[in-house]
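Everything below concerns the one structure shown next.
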């Protein structure tokens, strides 16, 4: 089961990225540098359902990695689980120009998802500390830059969001790809126990 979760955590982000690229290409007037990914899922947009699928794949990445992590990484697992659930909510509750309340709920869910993604690298113990701290610091720097950028004429929020998500998803893929498999560790332990018994 651990191996399946790791495979899903590695495969889902690239698929989600391709879906978002395709959705942006077929959405008239969409500018990926200035507009966020959520704008592609506004009801009535040509690729809205595909973008919902991309968000659900990101949720799957978070939840799969959370499940695959060792039990000692409880806080990291919690942060990734919160992100996964929040991404599911963001996929279900869309930005809607006709409904400020719905748009606010979407923004809250998206914000919770991003905060969980940014917290997770700082909470992962063990041998991945250096790469996790580097990824977490880069994500935190982007988050902290948002209020300052908001006070200026900065208009590249789509690019800003994509860089933040690329950092977080790349970190998850690296962790999933390089972590030892619990299945393999369990088999090795069982084999060692059998050979010492005989």
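Numbering (the numbering used here), first residue to last: 1066 to 1263.
Ideal placement from N, C-alpha and C gives every residue a C-beta, glycine not left out.
Keep in mind it's a predicted model, so treat the numbers as computed, not measured.
Rounded to the nearest whole angstrom, the CA to CA distance from residue 1158 to residue 1115 is 14 Å. Apart from the 5 residues on each side of it in sequence, residue 1107 sits with its Cβ closer than 8 Å to the Cβ of 1113, 1159, 1160, 1161, 1162 in its chain, given in chain order. Residue 1130 is positioned such that its CB atom lies closer than 9 Å to that of residue 1145. Along the region 1193-1252, the alpha helix (DSSP H) occurs as fully enclosed runs of 4 or more residues at 1194-1215, 1222-1243, listed in sequence order. Listed in chain order, the non-local C-beta contacts of residue 1097 below 6 Å within the same chain comprise 1089, 1223, local neighbours out to five positions each way being set aside. Residue 1156 is positioned such that its CB atom lies closer than 9 Å to that of residue 1118.
Secondary structure at residue 1134: coil, using DSSP grouped into helix, strand and coil. Counting only the Cα atoms, residue 1203 lies some 19 Å from residue 1219.
In the three-state scheme derived from DSSP, where H, G and I count as helix and E and B as strand, residue 1084 is classed as helix. Within the same chain, Cβ atoms closer than 8 Å to the Cβ of residue 1235 are found at 1078, 1200, the five residues on either side in sequence being excluded. The beta carbons of residue 1150 and residue 1229 sit no closer together than 9 Å.
Assigned with DSSP and collapsed to three states, residue 1159 falls in coil, not helix or strand.
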